[in-house]
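Q:
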Amino acid sequence: MDADGDGLATRDELKSFTVGERVRDLRKDTEKQWKYYGLGPGEKLTFERYAKKTYPKEEKFGHSSKTKEQERRRFHVSDANNDGALDKEEFMAFEYAEEYPHMHDIVMLETMEDMDKNGDGVLNFAEFTDDEEGMEEGPEAEKTFKQFDKDGDGQLSRAEVKQWILGPSSEAAQEDEDSVSIVLANMDKDKDGKLSREEIAADSKMIEDQLMYEEEEYTHDEF
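Below you can see the structure in the form of structure tokens.
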């Protein structure tokens, strides 16, 4: 947590810690999925094996061939060495693309394909608040739309959509920011914007509840 070893955890260090905890949780989930797909430690996942396991269930919920083709394309982009199969790290990029910058363009493209109903390459406000894919219509949606409509033309370009779903103001980034703010508000007794080892030791449960995933226990070795 205290990356620079100065005895204090800053806001940025706390954010880095919670991001690291999320990635660790995703790795645990990947291990479980590897077993679900019947793969051993050194084996790789082909799209055929993935689809065979995934789509008998998915089709019951009305998922279309469009979804399958989007995933086939995402699978290909995740395959960094182009060998036709994914190792665990590549599978994490496939499954949790929002966490991997090299996957962000494909996430944006999928979002546009799902929300751009008239196919003009931009999102208007009606598409932005679509019942199936978009935000719920109302003041919050209007505020968000205006925030990301940087050029004020009444529509969101692909670049603006990418900032909306993946930028510093994205839902995941905001959740991390909010969690760190809660921790500092409750634990930073001297209000210096940092946490000392003593402040953390006084309420390590707060760290577990706000910055860690699943039911893991914070240990002082992680400071």
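In this note's numbering, the protein residues as written are 14 to 236.
Every residue, glycine too, gets a C-beta built ideally from N, C-alpha and C.
#1: Please tell me whether Arg-24 and Leu-197 are closer than 8 Å, where the distance is taken between their beta carbons.
#2: Spatial neighbours of Lys-175 within its chain, please: C-beta separation below 6 Å, excluding the five flanking residues on both sides.
#3: Relative to the C-alpha of Asp-144, which candidate in Glu-102, Glu-155, Arg-87 and Met-128 has its C-alpha closest?
#4: Pair every Cβ in the stretch 47-61 with every Cβ in the stretch 93-106, then say whether three or more of these pairs are closer than 8 Å.
#5: Could you check what DSSP says for Ala-64 in three-state terms: helix, strand or coil?
#6: If you draw a straight line from the alpha carbon of Arg-210 to that of Asp-203, how long is it in whole angstroms?
#7: Provide the residue(s) that pair with Ser-209 in DSSP beta bridges, ordered along the chain.
#8: Return the CA-CA distance between Gly-75 and Asp-17, expressed in angstroms with no decimal places.
#9: Ordered along the chain, which non-local residues of its own chain (more than five positions away) have a Cβ less than 7 Å from that of Glu-146?
#10: With a threshold of 8 Å on Cβ separation, who are the neighbours of Asp-201 within its own chain once the five nearest residues in sequence on each side are excluded?
#11: To the nearest angstrom, report how far apart Ala-154 and Met-116 are at their CA atoms.
#12: Could you give the DSSP three-state label for Thr-142: helix, strand or coil?
#13: So what's Phe-74 in DSSP terms, helix, strand or just coil?
#14: Could you work out which residue in Asp-162, Glu-150, Pro-114 and Met-148 is closest to Val-135 when comparing CA atoms only?
#15: Give the single residue among Leu-39, Met-14, Val-36 and Arg-37 whose Cα lies nearest to the Cα of Leu-27.
#16: Using a Cβ-Cβ cut-off of 8 Å (strictly less than) and excluding sequence neighbours within five positions of Val-36, which residues of its own chain qualify?
A: Here's the rundown:
#1: In this structure, Arg-24 sits near Leu-197, with a CB-CB distance shorter than 8 Å.
#2: Met-121
#3: Ranking Glu-102, Glu-155, Arg-87 and Met-128 by Cα distance to Asp-144 puts Met-128 first.
#4: yes
#5: helix
#6: Arg-210 and Asp-203 have their C-alpha atoms spaced approximately 13 Å apart.
#7: Leu-21
#8: At Gly-75, the pLDDT of 49 sits below 50, so the modelled position is not reliable and the matter cannot be decided from this model.
#9: Asp-127 and Met-128
#10: Counting only Cβ-Cβ distances below 8 Å, and skipping sequence neighbours, we find Lys-207, Leu-208 and Glu-212.
#11: 26 Å
#12: Under the three-state reduction of DSSP, Thr-142 is assigned to coil, being neither helix nor strand.
#13: At Phe-74 the pLDDT is 47, less than 50, meaning the model places this residue with poor confidence; the figure from the coordinates comes in the next sentence. Phe-74: helix per DSSP, three-state reduction.
#14: Asp-162
#15: Between Leu-27 and the set Leu-39, Met-14, Val-36 and Arg-37, the nearest pair of CA atoms involves Met-14.
#16: Once the five neighbours on either side are set aside, the close Cβ partners of Val-36 are Glu-112.
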